[in-house]
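Let me begin by presenting the structure, written as structure tokens, before commenting on it.
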Amino acid sequence: MPSQPIVKMGNKQLATPSLPIQHIEQATTADPELLTLIQNMKDTMEKMQGVGIAAPQIGCNKRVIMFGFEANARYPNEKPVPFTILLNPSFKKLSDEMIDGWEGCLSVPGIRGLVPRYHHIEYSGYDLSGTLITREAKGFHARIVQHECDHIDGILYPQRLKDMHCFGFEDELKTILFPK
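Going by this note's numbering, the sequence shown runs without a break in its numbering and finishes at 921.
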């Protein structure tokens, strides 16, 4: 399957909440459109070297996200996150502790921002077999899940910024992002 063009910030499709996948059990086995969407998302995430992607980023208004990586040049100091595909995902905070962290986004290319996110969450969603997955996550893993869930709720990370002085082009922020 080919990778797809990334929908970029400014496109109103990214500001629209996504529709849930209906009849999960049947959809995961009998819906070729859903399986094509998931393969296109995977191909696109790999080609773009992302750590996560949501269906709206390739122009599909469905509540589907995927994330995970072994190593990633864009986030060289982060620990691996297991590859996961979730249909109709959600999360809840497990503590009130929020941590500021630098985020980027395939839909906001070349730019990073310092975003507060819950440090410890529980997330859930359905896998491709229609089984409900529930996991706890902390740190960067939790950050990725929240970022991707924002996408399917029509929110981009710049909307979460507390300080516009901590938002800019990667090449200008290099000394902050990747201290020697």
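Note that CB positions come from ideal geometry on N, CA and C, so glycine has one too.
Just to confirm my understanding: we take Ala883, look at its own chain, exclude 5 residues before and 5 after, and list those with CB closer than 7 Å. What are they? The beta carbon of Ala883 sits closer than 7 Å to the beta carbons of Arg858, Tyr859, His860, His861, Ile862 from its chain, once the five residues preceding and following it are set aside; these are given in chain order.
Pick from Asn752, Lys820, Asn781 that is closest to Ser744, judged by C-alpha positions: Nearest C-alpha to Ser744 among Asn752, Lys820, Asn781: Asn781.
Could you say which of Glu838, Ile765, Leu835 lies nearest to Leu869 if we only look at CA atoms? Minimum Cα distance to Leu869 is reached at Ile765.
Whose CA, out of Asn829, Leu847, Cys890, Ala796, lies closest to the CA of Tyr749? Strictly speaking, residue 749 in this sequence is Lys, with Tyr absent from that position. Among Asn829, Leu847, Cys890, Ala796, the Cα nearest to that of Lys749 belongs to Leu847.
Nearest neighbour of Pro817, chosen from Phe881, Cys801, Asp784, Asp772 [CA to CA]: Looking at the Cα atoms, Phe881 is the closest of the given residues.
Delimiting residues of the alpha helix (DSSP H) encompassing Lys783: 773-789 is the extent of the alpha helix (DSSP H) around Lys783.
Cross-strand partners of Thr875 (DSSP beta bridge): BP columns for Thr875 point to Ser865.
For Ala814, which three-state DSSP category applies? Ala814 carries a coil assignment under DSSP once its states are collapsed to helix, strand and coil.
Who are the Cβ neighbours of Thr872 in its own chain at under 6 Å, not counting the five residues just before and after it? There are no such residues.
Less than 9 Å between the C-beta atoms of Phe832 and Gln798, yes or no? Their beta carbons are not under 9 Å apart, which means Phe832 does not touch Gln798 by this criterion.
Count Cβ pairs between the stretch 824-840 and the stretch 895-903 that sit closer than 8 Å; are there 3 or more? In this structure the stretch 824-840 does not lie against the stretch 895-903, because fewer than three pairs of beta carbons, one per stretch, are closer than 8 Å.
From Gly751 to Leu776, what does the alpha carbon distance come to, in whole angstroms? Looking at the two C-alpha atoms, the distance is approximately 28 Å.
Test item: CB-CB of Ile885 and Val792 under 9 Å: The answer is yes: Cβ separation under 9 Å.
Use the C-beta contact count for Asn802: other C-beta atoms within 10 angstroms, 16 or more gives buried, fewer gives exposed. Burial call: exposed.
Between the beta-carbon of Ala796 and the beta-carbon of Ile806, is there less than 9 Å? For Ala796 and Ile806, yes; Cβs fall inside 9 Å.
DSSP puts Lys820 in a beta bridge; with which residues? Note: Lys820 sits in no beta bridge, so no partner.
For Leu855 and Gln754, what's the separation of their Cα atoms in angstroms? Within the model, the alpha-carbon separation for Leu855 versus Gln754 is close to 24 Å.
I believe Pro899 touches Val849 by the beta-carbon criterion, under 8 Å. Please report the beta-carbon distance rounded to the nearest angstrom. Indeed, because the Cβ distance is near 7 Å, the residues count as touching under 8 Å.
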